[in-house]
Amino acid sequence: MLTEINNIEDLPPELLLNIFRFIDVRTLFGKVVLTCKYFHDILTAEGIWQTLFALKWKEHKVVTDVDYIKSWGKVYMAFEDIEIFWKKNSGKRLVKKKLVGHSGTVDALHIMPSRKIYISGGRDRNAMVWRSKHDGYEGQELLEVLQHKGWVWGICSDENKDSEFITTSFAPEVNVWNIERLDLVNTFDYHPGAVLSLCCQDQVLTTGCFDKKLRQFDLRSGKLTLELAHHKKPVVSLCLTENYLFSGSADKTIRIYDTRVPEKELTKLILDSQALCMNTAQEQGLSFLRVGGSHGGMFFFDISDGCRFSLLNSFDIWNNHNQKVTDICNFRGCLVACSDGGPVRAYTPGRDCAFIRRLDDPLMKVGMCSCYSRGDVMLTGGSDSCVTEWRFENED
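Per UniProt numbering, residue 1 is the first one in the sequence shown, and the count goes up by one each step.
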C-alpha cells in the first residue's frame, strides 16, 4: 500500500539521509540545513556525522581509528576532500607555481592567516615576503627581503594576530616583524645559541634552542616567562595544541608539557631517531600526534582525552630508502610528507597512512626540506632554492 506524500515532512529521515549523502558536506551544512526546520532537525541531530559517514563510506575505512576520533565531522570532511581532490577522474588537477628569489635551500615556510601573504626562509640568510596573486592581485609577488645573521630555520605567527610574524635563524635571536610596514618590531636575544624551532599561541612565543632549552616569551611585554632544561641535546621541533606542548630533540626524545602548567613535564617519549618534525591529525578529526624521524620513520602517538601518549603505529614511510622526514603538514584531507632525498608524498590521515600519490617529479633529484599548508594552498621548499605553491583547480 502506497503512502501519500503531501509535503517534505512526510518523507522518512532515512530516505532523506540517503539523498543527503550525495551532496558535498559544505553545501549540506551551509545551505541545505537552512532550507527548512525539518532538514535542520535531521542535520543537527546527535550522531548525524557518524550516520552520514556510515552511509557514504563503509565504516571499516576508519574502524582501526574509531577510538581516537575526536570529531566525526572533521573526519567526514577529510575523507570527502580526498574523494573530491585526490581521486583519479575527480575533475580536479593539482597545479604548482614556482616562486623564485632565494639563492639557497628553503628550510622554513609560513602562510599568514589571511592566506594572502607567504613568508619563506632559506640558507641564503634571507626571509622573503611574498604576495599571493590567486585573488586577482596584480602587483609584485616578492614584497621584501629581510636579511638575517644566519640560515633562517623557523617562521610562525599568532593565529589571532595577522599583523605580525616571527622569524628565527641560526643565530641567538628571534625577530618580530610588522606585516604591513615590513619592519622590525622587536628582537628577543635571550638565547645563548642558535634558535632551531618556534611556535606561537595566544601571544606566547615558545622557542627551542641549540643549548637544549625551551623558552617562553610574552609577546606583549617582551619578557622571558619560562625556561625549561629537560632535553640533553638541541631542541629541533615543536608542536602546540590547546592542551599540550610537545618538544622534539636530537636526543631522540619528545617531552610533553601541559599548556596550563608548562613548568611541569608530563612525560617523555623515547624514539629510535631524532624527532625532526611534528604535527597533529586534530584538523582531520583524529587525536594523533605524528612525528617524522631522521631515519625515515613515521610515528603515531595517542593524544586523546585522558590518554597515556602510547605509541599507536610506526613504520618507514620511504620504504627503506633511509631518507629523513624533514617536514609534514595537512593538505586537503591528506597528510603530506617531505624528504631531503626528494619525495613529496600524500597519504591518508589515519594511522594506517595509506599512500595516495607522489607530488614531485621523480626524475628531478631535488631535496624537499619544508612544507606548510593553510586552507586551499600548500607551499613546499627545497634544495632548488624555490618556493612551490600548490593548489587544486578544475580541469579544463
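No residue lacks a Cβ here, since even glycine has one placed at the ideal position from N, Cα and C. What you are looking at is a predicted structure, and each value in this text was computed from that prediction instead of being measured.
Check: Can you tell me the Cα-Cα spacing of phenylalanine 22 and leucine 52, whole angstroms?
Finding: Position 22 of the sequence shown, counted from the start, is the residue given in the question as residue 22. Position 52 of the sequence shown, counted from the start, is the residue given in the question as residue 52. Each residue's alpha carbon lies about 10 Å from the other.
Notebook entry, point to check: Would you say the region 88 to 106 touches the region 60 to 74, given that touching needs at least three Cβ pairs under 8 Å?
Noted result: no
Next item on the list: Would you kindly report the start and end of the unbroken beta strand (DSSP E) that includes lysine 268?
Entry: Start at 1 with the first residue of the sequence shown, and residue 268 comes out as number 268. Taken as a continuous stretch (DSSP letters only), the beta strand (DSSP E) holding lysine 268 covers 261 to 270.
Checklist line | leucine 184 to valine 261 span [Cα, whole Å] | finding: On the sequence shown, position 184 is the one that residue 184 refers to. On the sequence shown, position 261 is the one that residue 261 refers to. One C-alpha to the other measures close to 31 Å.
Check: So, are the CB atoms of histidine 110 and serine 103 less than 9 Å apart?
Finding: Taking the first residue of the sequence shown as 1, we reach residue 110 at position 110. Taking the first residue of the sequence shown as 1, we reach residue 103 at position 103. No, the Cβ-Cβ distance between histidine 110 and serine 103 is not below 9 Å.
Check: According to the Cβ coordinates, are aspartate 218 and lysine 232 closer than 9 Å?
Finding: Translated into positions along the sequence shown, residue 218 becomes position 218. Translated into positions along the sequence shown, residue 232 becomes position 232. For aspartate 218 and lysine 232, no; Cβs fall outside 9 Å.
Item checked: Continuous beta strand (DSSP E) stretch holding alanine 108: start and end -> Indexing the sequence shown from 1 puts residue 108 at position 108. Counting along the chain, the beta strand (DSSP E) containing alanine 108 begins and ends at 106 to 111.
Check: According to DSSP, is glutamate 173 helix, strand or coil?
Finding: On the sequence shown, position 173 is the one that residue 173 refers to. DSSP, read as helix, strand or coil, puts glutamate 173 in coil.
Notebook entry, point to check: Just curious, the alpha helix (DSSP H) that arginine 26 is in, first and last residue?
Noted result: Within the sequence shown, numbered from 1, the residue matching residue 26 stands at position 26. It spans 25 to 30 - the alpha helix (DSSP H) in which arginine 26 sits, taken as one unbroken run.
Note to self: What does the alpha-carbon distance come out to for the pair valine 32 and valine 62?
What the structure shows: To locate residue 32, count along the sequence shown from 1; it is residue 32. To locate residue 62, count along the sequence shown from 1; it is residue 62. Between the C-alpha atoms of valine 32 and valine 62 there is a straight-line separation of about 27 Å.
Note to self: Taking DSSP's pairing of strands, which residues face threonine 206 in a bridge?
What the structure shows: Within the sequence shown, numbered from 1, the residue matching residue 206 stands at position 206. Looking at the DSSP assignment, threonine 206 forms a beta bridge with Cys199, Gln216.
Notebook entry, point to check: Taking just the CA atoms, how far does lysine 149 sit from glycine 285?
Noted result: Taking the first residue of the sequence shown as 1, we reach residue 285 at position 285. Taking the first residue of the sequence shown as 1, we reach residue 149 at position 149. In a straight line, the C-alpha of glycine 285 is about 40 Å away from that of lysine 149.
Check: In chain order, what residues of the same chain lie with their CB nearer than 8 Å to the CB of lysine 223, ignoring the 5 residues before and after it?
Finding: Position 223 of the sequence shown, counting from 1, holds the residue named residue 223. Answer for lysine 223: Phe217, listed in chain order.
Check: Hey, quick one: how far does the alpha helix (DSSP H) through leucine 16 stretch, first residue to last?
Finding: Along the sequence shown, one-based indexing puts residue 16 at 16. Start and end: 13 to 20.
Next item on the list: Please look up how many angstroms separate the CB atoms of valine 195 and threonine 225, rounded, as I've assumed it's under 8 Å.
Entry: As a working mapping, residue 195 is identified with position 195 in the sequence shown. As a working mapping, residue 225 is identified with position 225 in the sequence shown. Contact flag wrong, Cβ pair sits at about 16 Å.
Checklist line | Three-way DSSP call (helix, strand, coil) for glutamine 147 in this model | finding: For this step, residue 147 is matched to residue 147 along the sequence shown. Strand.
Check: What are the boundary residues of the beta strand (DSSP E) that includes tyrosine 257?
Finding: The sequence position of residue 257 within the sequence shown is 257, counting from 1. It spans 253 to 258 - the beta strand (DSSP E) in which tyrosine 257 sits, taken as one unbroken run.
Notebook entry, point to check: DSSP state of tyrosine 38, grouped into three classes?
Noted result: Taking the sequence shown and counting its residues from 1, the one referred to as residue 38 is at position 38. Three-state DSSP puts tyrosine 38 in a helix.
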